[in-house]
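Chemist: Below is one structure. I have some questions about it.
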Amino acid sequence: MQPAQRLKQADDASGKLSSVVRSRQVTQLLQGPPPAQPTTAQQTALASCSISQHQLHEALPEDVKNESEIAAAAQLLQRVLRRQPGKNACALLAWLQRQPQQLAAVLLRFDGSPVDPGSMEGVWFSGMKLVDGLAGLLYSCLAMHSSYTAAVAELTVNFTQQLLQSGLLASLPELVQVLQQQQQQQQQQQQQVPNRHAAVCDDLLQTFQITLPNMWSLAMPHVAAQVTTLAQAALPLLQQLQCYGRHLSTSTAAVAAASADNSGSEEVFVTYSTMQVALGNYARQLFVLHTQQQLDTAAAAQVVSVLREPATVQLLLQQLTVYTMLLHQAHSKQQQQQQQQQQQQPRLSAKQQLHADLLCTPAFHQHPDMLQLLPGGQVCLDTAGQVLATACGVHASMRLTCIARANTLAGMLDFILHQWCMQQQRSLAADGVDSVLSDAAVRLVLELQLLAAGAVQRLQQQEQHEEPVINSARLLLSSAALLNMQLRAGLQAGASCLPPEVLQQAGLQLLQALAAPLQQLQLTAGDSALCTTAVEEAASNQQGSLGQQLLTLTAAAPGLELPELLRATSVLQAASMVAASEVVAHAAVAVLGSAGRASGALLQNTAAVAGLASAITSFAKRAAQLIRGATMQQGPSTASTAQGMESAAAACFPAAMPWMIGHVSDSPLRALQHGSVTSTGSSSSSSSSSSSTGGGSSSTGTNSRQAAASSAVLAVVAARSLVQLADAMQAAGPQLLFTCITAQPRYHMQWEPGNDDSIIFRTFPPHGGSATHNAPGQWHVWLACMLRAMRQVLCPFIKTGTGLLAPEASASAAAASAAAAAAAAAAAPDTADAAAGSPTAAGASSSSSSTSGVPGRSSSTQQVSWGYLLQLQQRSPRWAAAVAAFDAKWPGWRDEVGSFAFDAAGSDGAIQQTKQQYIDTLELCRALAAAAPLPLVCNNPSCESLAGLSETAAASKRCAACRCHYCSAACQTAD
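40 is the number of the first residue of the sequence shown in the working numbering; add one for each residue after it.
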């Protein structure tokens, strides 16, 4: 048909439809309810409506393929829409849907034969086909992206306004729900295969559901000023999708029996997934316009309202689940390929030896709790994955598309939760966010973040083009922000909404996911876009930023142990270090035990001890780095104060040191002393018991020795860290410390539940009375805090080393040790110290206990990690001499550790004594750090490097002579 002829035919048909609908017979008919049995006159009026709708539908072109056809179609649509065919046809449909029970019963009786145009179903079918035809033609024109796109977008708004005026869209969800209920009742009561011909009405409704959102998505960027209209029209369709979802959830088995060949189930899920894709694209386009700030105030408010709809929230979470599944499948394939490459190339570089992923990423998208949130469970997930994979294209482009879509979905859910937190009156269920805050959703985001982190690291190792790395990095940051917001929103909703199951069952994944952005930053070149983005995120104080993760976690779970989160602290800002010290303290108490909780279990867990040692080392290095930075800046200035809280916190960082050292003395170091005493006592009693009974297992004694060795290694790590902090503060000096304290900088402590964006801050006023509010007085406070901390480290270590020998062996062991030490010192003191203290076999650092030649005993040898530290005082003459000299100068100091106190306004003599004790104790800590090699971290006590995935990973180079580990050749030379 020629364009001019088609234009005239369509114009005539639309005019006829308008005249028929405005006729007296139809007008009277529409004023009342749809009759159950239409009269002859009513049938005649209905037939005229059906015929007019059918004629207009036949006049519409089926598709457009080029610019000229688009021009003709645009002209036809402009002419036809003037007569408001959408409003007329939809008015008839809305009238029929006033009685949804009646209409549904009629539609379900459809047997596939030609429909009587004078019947109710005749009007409904012809009207639905006309509306779908108009929408399909508009969509085809928009999809070609021609010079007529803007004009067609305006016509789309016109058509949508006609739909809204008719009331059809608002009545669709109820009709869909009634149809589904009646179909299910038929299947249950009659127990027969449902009428396949009746599925035609479902197809029309579902096509209607797919075409309109696709049309709106394409038109939206060109009619930003009219987004309010498009947003209002989409709400009923989102609710209709939710109806389909509920139906699938309750009748999956019935749907599977929709046909004799069992293909009905798959068809239904494919259709449902396709509807999800269409409405998901529409919601994503709304979000993009909102974030680009292209909307006026009214339109922006309408967009937020649509995004916060429970149906929208459910849709976004379900789609995020599907994209996560697709990314996990791609991740598994790449992991298999990498394993094959590693088998072919057994010798890899140190960089390649880093894990391709932070840990084995679990498939949380298949968790039963997650599947319960999906209509139809696993069947729905698999089908949706196939639909989305097909829509995303070939393998390479599919993965990039999945990353981009998942990134946007994470951002949308983050935005929705933020908006929910801002509401004065809110309800989890009513607002639809309960599913996003569920433990299943938190696990899903954990999985997504770990997948993104693994992708970033893998692409960096493969030295790929930076664009794919940036895409994965953006997903890493957006998923981190969403996870952060889930925890915060859970706190807003109340403590019961924080999923403890996640912390218990997926605690390791939680720690790794939260640490992932910071860890990946450490492996990134400093001039890359990823590094710049991550640093900005880490320094940001905006809600959901990486800089607030510690605040959220300390509020969500005050006792949560997070050493992994602090293995990479090079980007922790000064304002967050106080909160970080709280996390370190919790982790230390958890590993060491406390007066109210027995120690030993975690002290025997060498992985937990190694993680804590890495965390303490990283934290001390970062704190020393910030102290040196403040020293170079010469404290606070007008410029730093004016730049904001973070700049002031960095410039005045020494002000926080007395409080942080005092805080660790009150809990972790006290726990260290408790753990050491308990381990020593247990080992001694175990040794005595074993000797007296003359038999039995050695496992108890070995466990006690491992706990003691773990306490010893943590004491050495703490001593080294205190030396680093003392040296940095000595360079700062008393005057700078007092200047920083008087500036009263603020430091983050935690986020406060209940008030949006409210953070609890901490300031550190001068300690003591007004007489000590000066540089010497505050410096005395600092020295006293450090003196107490160093004593709490040294005393447990010395007791651990001298309290583990069996009573009957102590005298001979001491004599042998003294003779060996004297001989070694006379021969080569420097070499003796290094050899005696050096760990055997890289990182094994073991000591053994064996029994043989005694009747009734079996020989056994069990390794104890870091066991060499238990004999350091017997094997290292220098360390033994340093301890003896300190004991001689300060007799009785070990008995004063638990009750040590100081007077901030003490006498000059007391102040001088504190100063001298501080100097001597610091030197004893230096002696310990020099005498005790550490395989867990870089063995150079003065190491300042914060590079690498963790302290243990950084110290990957081993000296061939002494077998100690270092992070670089420079540290090896300096040690």
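Note that beta-carbon positions come from the ideal geometry of N, C-alpha and C, so glycine has one too.
Assign ARG759 to one of three DSSP states: helix, strand, or coil.
Modeler: Correct three-state label for ARG759: helix.
Chemist: Under the rule that 16 or more other beta-carbon atoms within 10 Å means buried, what is SER946, buried or exposed?
Modeler: It counts as exposed.
Chemist: Can you tell which of CYS460, ARG482 and LEU483 has the C-alpha that lies nearest to the C-alpha of VAL472?
Modeler: Answer by Cα proximity: CYS460.
Chemist: How big is the Cα-Cα spacing for GLY779 and ALA449?
Modeler: The identity of residue 779 in the sequence shown is Cys, whereas the question assumes Gly. Cα to Cα, the separation comes out at about 41 Å.
Chemist: Does the distance from the C-beta atom of LEU761 to that of CYS964 stay below 8 Å?
Modeler: A contact, by the Cβ cut-off of 8 Å.
Chemist: Once you ignore the five residues that flank ALA428 on each side, which residues in its own chain have a CB closer than 7 Å to its CB?
Modeler: Taken in chain order, the residues that qualify are LEU365 and MET437.
Chemist: Buried or exposed for GLU486, going by 16 or more other Cβ atoms inside 10 Å?
Modeler: Burial call: buried.
Chemist: Which residue from TYR362, PHE403, LEU498 and PRO407 puts its Cα closest to that of ALA445?
Modeler: When only C-alpha atoms are compared, the closest one is TYR362.
Chemist: Note the first and the last residue of the continuous alpha helix (DSSP H) segment covering VAL908.
Modeler: For the sequence presented, residue 908 should be read as Leu rather than Val. From DSSP, LEU908 is part of no alpha helix (DSSP H); its letter is neither H nor E.
Chemist: Could you say which of LEU708, ALA209, LEU146 and ALA270 lies nearest to THR195 if we only look at CA atoms?
Modeler: Measuring from the Cα of THR195, the nearest candidate turns out to be ALA270.
Chemist: Using a Cβ distance threshold of 8 Å, determine whether the stretch 89 to 97 contacts the stretch 163 to 175, with at least three qualifying pairs required.
Modeler: With a cut-off of 8 Å, the stretch 163 to 175 and the stretch 89 to 97 count as touching, because enough Cβ pairs lie within range.
Chemist: Rounded to whole angstroms, what's the CA-CA distance from PRO153 to LEU146? Just pull it up for me.
Modeler: Taking the straight line joining both Cα atoms gives about 13 Å.
Chemist: Tell me which same chain residues have a C-beta within less than 8 Å of the C-beta of VAL343, skipping the five on either side of it?
Modeler: Result list for VAL343: HIS329 and GLN458, in chain order.
Chemist: From the DSSP output, in three-state form, read off HIS1004 for me.
Modeler: Here HIS1004 sits in strand by DSSP.
Chemist: Quick one: residues in its chain with C-beta nearer than 7 Å to the C-beta of SER205, no 5 flanking neighbours on either side, listed in chain order?
Modeler: Closer than 7 Å at Cβ, skipping near neighbours: LYS126, CYS129, ALA130 and ALA133.
Chemist: DSSP on TYR187, reduced to helix/strand/coil?
Modeler: Coil.
Chemist: Near LEU711, which residues of its chain fall below 8 Å by C-beta distance, leaving aside the five closest residues on each side in sequence?
Modeler: For LEU711, where only same-chain residues beyond five positions count, the Cβ hits under 8 Å are ALA627, LEU631, SER750, LEU753, ALA754, ALA757, GLN831, VAL832 and PRO835.
Chemist: DSSP three-state call for HIS367: helix, strand or coil?
Modeler: Helix, per DSSP.
Chemist: Taking 8 Å as the cut-off, decide whether the C-beta atoms of ALA86 and CYS180 are in contact.
Modeler: No, they are not a contact pair.
Chemist: Can you tell me which of the three DSSP states PHE803 falls into?
Modeler: Reduced to three states, the DSSP call for PHE803 is coil.
Chemist: What number of angstroms, rounded off, separates the C-alpha of SER984 from the C-alpha of ALA528?
Modeler: Their Cα atoms are separated by approximately 37 Å.
Chemist: If you compare alpha carbons, which of GLU306, GLN332, ASP155 and VAL345 is closest to TYR321?
Modeler: Considering only alpha carbons, the answer is VAL345.
Chemist: Hey, would you say ASN979 sits closer than 8 Å to CYS1010, going by beta carbons?
Modeler: Going by C-beta atoms, ASN979 is nearer than 8 Å to CYS1010.
Chemist: Helix, strand or coil: how does DSSP classify ARG997 here?
Modeler: ARG997: strand per DSSP, three-state reduction.
Chemist: Could you tell me if the beta carbon of ASP947 falls within a distance shorter than 7 Å of some heavy atom in the ligand FAD?
Modeler: The model depicted lacks the ligand FAD and carries no ligand whatsoever.
Chemist: For SER1007 and GLN612, what's the separation of their Cα atoms in angstroms?
Modeler: SER1007 and GLN612: Cα-Cα distance of roughly 25 Å.
Chemist: Using only alpha-carbon positions, find the residue among ASP102, GLN525 and GLN333 that is nearest to PRO42.
Modeler: The shortest C-alpha separation from PRO42 is found at ASP102.
Chemist: Excluding the 5 residues preceding and the 5 following ALA652 in the sequence, name in chain order all residues of the same chain whose CB lies nearer than 7 Å to its CB.
Modeler: Only VAL752, LEU753, VAL756, LEU975 and VAL976 meet the Cβ criterion.
Chemist: When the Cα atoms are used, what is the spatial distance from ALA519 to GLN525?
Modeler: Each residue's Cα considered, the two are about 10 Å apart.
Chemist: Give the straight-line distance between the Cα atoms of GLN769 and ALA647, rounded to the nearest whole angstrom.
Modeler: Computed Cα separation, rounded: 33 Å.
Chemist: To the nearest angstrom, how far is it from the Cα of LEU46 to the Cα of PRO414?
Modeler: Distance between the alpha carbons of LEU46 and PRO414 is about 45 Å.
Chemist: By the three-class DSSP mapping on this structure, what secondary structure does HIS787 have?
Modeler: Note: HIS787 maps to strand in three-state DSSP.
Chemist: Three or more beta-carbon pairs under 8 Å between the stretch 71 to 78 and the stretch 105 to 119, yes or no?
Modeler: At 8 Å Cβ cutoff, the stretches do not touch.
Chemist: By how many angstroms is the C-alpha of GLN138 removed from the C-alpha of SER158?
Modeler: Roughly 15 Å separates the two Cα atoms.
Chemist: Would you kindly report the start and end of the unbroken alpha helix (DSSP H) that includes PRO77?
Modeler: Unbroken run through PRO77: none, as it is neither H nor E.
Chemist: Could you give the DSSP three-state label for GLU101: helix, strand or coil?
Modeler: Reduced to three states, the DSSP call for GLU101 is coil.
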